[in-house]
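Per numbering that gives the first Met the number 0, the sequence shown starts with residue 0, numbered consecutively.
Heads up, the thing below is written out as structure tokens.
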Amino acid sequence: MQDLEVLAISSSLTGNLPASVGCLRHLRTLNLSRNGLMGPIPESVGNLLQLNCLDLSENCFSGLIPWISLARLIKLETLNLSSNQFSGCISSEISALSCSLLSLHLEGNSLTGSIPPQLGLLHQLRELCMGRNNLTGCIPEELEKLRNLVWIDLDSRHLQFGTPAFFPTRLSYLARIFSKSVVVASDEEEDEGYDSGWDTTDTMFLEITPNLMMNLNLEPLYT
């Protein structure tokens, strides 16, 4: 069992995640999404140094996210803790995963506080989803350093842009606006001569709330 590399179980687990999970030191994938697990994430997950994917989404986990333990997982590419009941702040410790993390999903929890500017150090990040929490304050300008993003979810009624329009400008031009989502795509003809520095190979999706649209002087369009 200790040589296990992939552990994926859905729709059958309840109770707490035992601390003994930290003994599975060869694990590369731990996917326990869509279960009935509850309580805190044990600090022992920090022992899973070979882990590439940690998906605990759609459970009933609660308490503080063990950021210091997660920061030890320097090979982690996917961290999905969405749709749980986590509280507390997003810690700057997450910046320790700057060389590996591709996908960070924290949406659908009860996280509070501001977005740490250190998230801008996650240079490899392609997906950053933090919507449907209780985050407040200004969206840090450091996020414009995330050149590889193709999806960002900032669906929170209390967030604001600190510098007007800096973020959408760096996301290239806004192609289509929905009531709660902005789809951002590359269009060299519309913005000829402007090098945003972003990788526009893929279509980019930006989810924001109506209050952020008002700050940007954007009118929702219904189609």
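Think of the CB as a built atom: it goes at the ideal place given N, C-alpha and C, for glycine as much as any other residue.
Computed from a predicted model, the values in this text were never measured in an experiment.
For residue 91, report the span of its alpha helix (DSSP H) as first-last.
Mapped onto the sequence shown, residue 91 falls at position 92. Taken as a continuous stretch (DSSP letters only), residue 91 belongs to no alpha helix (DSSP H), as it is neither H nor E.
Please state whether the Cβ-Cβ distance between residue 0 and residue 15 is less than 8 Å.
The count along the sequence shown starts at 1 and reaches residue 0 at position 1. The count along the sequence shown starts at 1 and reaches residue 15 at position 16. Not in contact: residue 0 and residue 15 (Cβ atoms no closer than 8 Å).
Chain-order list of residues whose beta-carbon lies under 7 Å from that of residue 198 (same chain, five-residue window excluded)
Residue mapping note: residue 198 aligns to position 199 of the sequence shown, counting from 1. Unreliable positioning characterises residue 198 in this predicted model, as indicated by a pLDDT of 45, which lies under 50. The coordinate reading is nonetheless provided below. These residues qualify, in order along the chain: 146 and 147.
Using the Cβ count rule (16 or more neighbours within 10 Å means buried), how would you classify residue 24?
As a position in the sequence shown, residue 24 is number 25, starting the count at 1. That one is exposed.
Would you tell me roughly how many angstroms separate the C-alpha atoms of residue 97 and residue 10, rounded to the nearest one?
Numbered from its first residue, the sequence shown carries residue 97 at position 98. Numbered from its first residue, the sequence shown carries residue 10 at position 11. Rounded to the nearest angstrom, the two C-alpha atoms are 32 Å apart.
Report back the beta-carbon spacing between residue 107 and residue 82 to the nearest angstrom; my notes put them in contact at under 8 Å.
Taking the sequence shown and counting its residues from 1, one reaches residue 107 at position 108. Taking the sequence shown and counting its residues from 1, one reaches residue 82 at position 83. Between residue 82 and residue 107 the Cβ distance is about 4 Å, and since that is below 8 Å, they are a contact.
Curious, which full-length beta strand (DSSP E) runs of at least 3 residues does the stretch 30-71 contain?
35-38, 52-54 and 59-63
Exposed or buried, which one is residue 125 when buried takes at least 16 other CB atoms within 10 Å?
The residue given as residue 125 occupies position 126 in the sequence shown. Buried, because 16 or more other Cβ atoms sit within 10 Å of the Cβ of residue 125.
Pull up the distance between the alpha-carbon of residue 4 and that of residue 120, whole angstroms please.
Within the sequence shown, the letter at position 5 stands for residue 4. Within the sequence shown, the letter at position 121 stands for residue 120. Roughly 29 Å separates the two Cα atoms.
Looking only at its chain, what residues have a beta carbon closer than 8 Å to the beta carbon of residue 109, apart from the 5 residues adjacent to it on each side?
As a first step, residue 109 must be located in the sequence shown, where it is residue number 110. Here the set comprises 84, 85, 86, 132 and 133.
Spell out the partners DSSP gives residue 133 in its beta bridges.
By 1-based counting over the sequence shown, the position of residue 133 is 134. Paired residues: 111.
Per DSSP, residue 8 is paired with what?
By 1-based counting over the sequence shown, the position of residue 8 is 9. Paired residue(s): none; residue 8 is not in a bridge.
Opposing strand residues paired with residue 83 [DSSP bridges]:
Along the sequence shown, one-based indexing puts residue 83 at 84. None, per the DSSP bridge assignment.
From the DSSP output, which residues share a beta bridge with residue 159?
Counting from one through the sequence shown, the residue named residue 159 turns up at place 160. BP columns for residue 159 point to 137.
For residue 143, name the three-state secondary structure that DSSP assigns.
Position 144 of the sequence shown, counted from the start, is the residue given in the question as residue 143. Correct three-state label for residue 143: helix.
Alpha-carbon to alpha-carbon, residue 78 and residue 95
For this step, residue 95 is matched to residue 96 along the sequence shown. For this step, residue 78 is matched to residue 79 along the sequence shown. If you take the alpha carbons of residue 95 and residue 78, they lie about 13 Å apart.
Rounding to the nearest angstrom, what Cα-Cα distance links residue 228 and residue 139 in this structure?
The requested residue 228 does not occur in the structure, where the chain is confined to residues 0 to 222.
Pick from 65, 58, 49 and 22: whose alpha carbon is nearest that of residue 99?
As a working note, residue 99 is residue 100 in the sequence shown. For residue 99, the nearest C-alpha among the options comes from 49.
Which one of 31, 149 and 22 has the shortest CA to CA distance from residue 103?
Your numbering for residue 103 matches position 104 in the sequence shown. Out of 31, 149 and 22, 149 has the C-alpha closest to the C-alpha of residue 103.
Do residue 8 and residue 40 have their CB atoms nearer than 8 Å?
What you label residue 8 is simply residue 9 of the sequence shown in a count that begins at 1. What you label residue 40 is simply residue 41 of the sequence shown in a count that begins at 1. Not a contact, by the Cβ cut-off of 8 Å.
Helix, strand or coil, according to DSSP, for residue 128 in the structure here?
Position 129 of the sequence shown, counting from 1, holds the residue named residue 128. Residue 128 falls in the strand class under three-state DSSP.
Candidates 152, 153 and 55, of which the one nearest residue 30 by Cα
Residue mapping note: residue 30 aligns to position 31 of the sequence shown, counting from 1. Considering only alpha carbons, the answer is 55.
Close Cβ partners of residue 73 (< 8 Å) along its chain, the five nearest in sequence each way excluded
Start at 1 with the first residue of the sequence shown, and residue 73 comes out as number 74. 48, 95, 96, 98 and 99, listed in sequence order.
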